[in-house]
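Before any comments, here is the structure.
Residue numbers (the numbering used here): 1118 to 1183.
Next up, the structure:
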């Protein structure tokens, strides 16, 4: 992964690296770039929601067990 060395052009380098990674992962799943990104975003939102539900359930359980 590219690192920020404080020089201009880092963002371009990082963006190019990210696009390369996305294209490689999309090719593995036989998707185009936009399909892969949409699925990745949906997966992220779903996993984020699942984590928040688990956290709230564990807080309720801890409160009951005290």
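For glycine and all other residues, C-beta sits at the position ideal for the given N, C-alpha and C.
Please read all numbers here as calculations on a predicted model, not as lab measurements.
Short Cβ contact (8 Å threshold) for residue i with residue j
i, j, result
"residue 1143", "residue 1153", "yes"
"residue 1139", "residue 1156", "no"
DSSP state of residue i mapped onto helix, strand, coil
i, result
"residue 1142", "helix"
Residue range of the alpha helix (DSSP H) that includes residue i
i, result
"residue 1147", "Here residue 1147 belongs to no alpha helix (DSSP H), and DSSP marks it neither H nor E."
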